[in-house]
Amino acid sequence: MMKKIFISLTIAGASLLLSGCNDWLDVVPNNEQVAADYWKTKEQVEEVLAQGYSEMRTTVPSLVYWGELRGGSVYAYQDTKMQDLQNFQITASSTLCKWGPFYNVLNVANSVIKYAPDVQAIDETYNEAVMNSNLAEAYFMRAWIYFTLVRNFKEAPLILEPYMTDDYAVSVPKSSEERIVAQIKSDIETALSTGAAKEFYDDDNWSGMTKGRITKWALYALMADVCLWSEDYESCVEYADMLINSTSAYRPAFVEDPTQWFNMYNPGNSNESIFEINFDEKTYAQTANSPSTVYPWGISSIAKFQYSKAMCQRLNQEYTHYPASIRTYLGAFKPSGNSTSVEGYCIWKFQGSGYMLDGDRGTKDANWILYRMADVLLMKAEALIWQGGETNYTTALELINKVRTRTQINKLDDDVKSDEERMLKALLEERDMELAAEGKRWYDLVRFGKAKNYKYKTSFIDLIVANNSSIGSKWLRSVLKDNNAWFLPIHQDEIDRNPVLTQNPYYDVTAN
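Printed below as a string of structure tokens:
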């Protein structure tokens with residue numbers, strides 16, 4: 009007998025996907041997954057798919073911690089576990105390196121991929137186009153999960169089948185980064201190949217559905233990101249251009265009006281957005297795991313988790329030079345007592361009611377943006393820089409300056425094109441400021457450090473050292489010389505459960 013263990017799991021308003029259904033998912037008890045005999049109707053496919061979106065919500069805290077703390081722009085001033093992560097002292101016993109929530113999403117995706125075709129064969133109302141659209145969503149989920157895991161653990165168990173109990177996955181070894189990236193790309197290509205991935209979702213009761221569910225635009229953005237990580241720069245540009253150059257009426261578009269910048273965060277689901285994990289406190293009491301709750305709410309002289317001193321200085325410097333900049337004071341941050349101190353900077357974009365308004369949003373339910381168009385513009389710029397050449401540098405600089413112009417700061421001069429490293433550092437700084445606290449910084453730095461056979465590894469280490477004020481530079485340099493230290497340890501519980509799972513080399517005490 010199915011029993012309800014999740015109440016109101018919907019993304020904001022997404023319960024309307026299933027007519028008359030307020031609780032988006034009925035599932036079986038813990039340690040059991042939806043068995044093969046469950047799959048009978050198209051509604052059941054969407055119920056399970058909906059669980060995937062709900063499970064994605066539980067990953068947001070890890071997306072914040074993993075994507076920011078080691079990058080030096082967001083900082084833990086308290087909390088030993090978070091400080092261990094940012095200081096590269098994390099161990100396999102830390103709960104911050106648990107990957108369980110990600111594998112929960114994975115199992116939902118694998119289940120839909122396996123069983124949706126069976127449902128289509130027996131439910132006459134479940135047509136092939138709808139099935140392929142659902143499959144595109146599931147393939148995105150699986151690809152995105154593995155992309156997150158490979159960037160943080162380098163290697164992980166590659167599981168492509170749903171498991172009926174938690175015991176299923178205990179004997180699966182790690183796959184190489186190359187094998188996982190190949191699977192990620194294959195999944196995205198498969199999702200796009202049918203042409204069924206939606207450009208938009210039409211629902212009068214939830215205007216944000218197109219941004220809160222996976223579309224072909226999200227698939228393009230994810231593929232551009234994956235190609236950038238894997239140094240397939242030509243393909244990165246190709247997929248970025250599918251977004252940038254689209255003429256579809258439903259395409260996401262870079263919003264050039266600076267007065268609309270804060271709308272990306274409140275109310276969210278803006279035209280610039282490509283895909284975001286939705287939260288809704290008023291209707292569905294969804295605040296747990298929102299960035300509004302992960303980042304401290306309110307302003308204090310030293311919140312436990314806020315911008316680093318180095319980032320506060322950069323934000324304040326941009327505001328001082330360009331007071332009209334919409335992504336600094338009361339855009340990205342709000343200082344304690346409106347001072348210019350480098351301490352006490354609240355991460356305002358997930359708390360504020362709007363740009364230049366002192367009031368907070370009133371509800372702790374800011375969405376978590378996975379991709380937006382400014383991110384894609386800067387991905388393309390980065391890929392062009394790595395490809396080299398005067399023409400590519402010129403186009404890359406135009407893209408960077410397009411983002412700067414929108415935020416009402418001066419364009420970079422042409423002399424930045426003097427060499428590759430200078431261009432890359434300008435790109436990194438622009439991403440740091442534009443995408444502040446959005447879970448991107450660490451991955452940006454790792455791409456810079458590892459690309460072209462670790463060409464800029466020393467510069468990568470220098471950037472980490474310059475932004476970390478809580479531990480000595482000697483320690484950081486000694487740790488980061490080992491490329492394996494750039495990745496997380498696998499939690500000891502996983503090692504104990506799985507006899508064929510080996511610890512990541514830097515943390516393998518049995519090998520030392």
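Note that the sequence shown covers residues 9 to 520 in this note's numbering. Ideal Cβ positions, reconstructed from N, Cα and C, are used throughout, including at glycine.
Option nearest residue i by Cα separation, candidates the options
i: residue 506; options: 407, 182, 266, 418; result: 182
i: residue 8; options: 90, 153, 147; result: Beyond the ends of the chain as shown, which are 9 and 520, falls residue 8; an answer cannot be given.
i: residue 94; options: 164, 232, 475, 287; result: 475
i: residue 246; options: 228, 237, 263, 258; result: 228
i: residue 303; options: 409, 192, 374, 469; result: 374
i: residue 149; options: 132, 277, 268, 61; result: 61
Residue range of the alpha helix (DSSP H) that includes residue i
i: residue 342; result: Premise fails: residue 342 lies in the beta strand (DSSP E), 341-343, not in any alpha helix (DSSP H).
i: residue 459; result: 449-462
i: residue 108; result: 108-130
i: residue 404; result: 398-414
i: residue 505; result: 500-505
Residue i, buried or exposed, once every other Cβ within 10 Å from all chains shown has been counted against 16
i: residue 390; result: buried
i: residue 78; result: buried
i: residue 260; result: buried
i: residue 438; result: buried
i: residue 30; result: Because the pLDDT at residue 30 is just 29, under 50, the model does not fix this residue reliably, and the value given afterwards should be weighed accordingly. Flag for residue 30 reads exposed.
i: residue 159; result: buried
i: residue 499; result: buried
i: residue 477; result: exposed
i: residue 103; result: exposed
i: residue 188; result: buried
i: residue 87; result: exposed
i: residue 512; result: buried
i: residue 501; result: exposed
i: residue 32; result: For residue 32, the predicted structure reports a pLDDT of 30, less than 50, and the residue's modelled location is therefore unreliable. A value from the coordinates is still provided. It counts as buried.
Under the three-state DSSP convention, the category residue i falls into
i: residue 378; result: strand
i: residue 368; result: strand
i: residue 514; result: helix
i: residue 164; result: strand
i: residue 183; result: strand
i: residue 60; result: helix
i: residue 537; result: Since the first residue shown for the chain is 9 and the last is 520, residue 537 is missing from the structure and cannot be characterised.
i: residue 203; result: coil
i: residue 337; result: strand
i: residue 38; result: Any reading at residue 38 is ruled out, since the residue's pLDDT is 40, under 50, leaving its predicted position unreliable.
i: residue 480; result: coil
i: residue 306; result: coil
i: residue 79; result: helix
Rounded C-alpha distance that separates residue i from residue j
i: residue 18; j: residue 48; result: Its pLDDT being 35, under 50, residue 18 is placed unreliably by the model, and nothing is read from it.
i: residue 435; j: residue 441; result: 10 Å
i: residue 38; j: residue 113; result: With a pLDDT of 40 at residue 38, under the threshold of 50, the modelled position of that residue is not reliable, and the figure given next carries that caveat. Cα to Cα, the separation comes out at about 15 Å.
i: residue 295; j: residue 356; result: 17 Å
i: residue 204; j: residue 368; result: 40 Å
i: residue 53; j: residue 74; result: 31 Å
i: residue 444; j: residue 322; result: 11 Å
i: residue 516; j: residue 509; result: 12 Å
i: residue 108; j: residue 57; result: 18 Å
i: residue 185; j: residue 223; result: 26 Å
Continuous beta strand (DSSP E) stretch holding residue i: start and end
i: residue 284; result: 281-285
i: residue 84; result: 82-84
i: residue 314; result: 313-315
i: residue 353; result: 353-355
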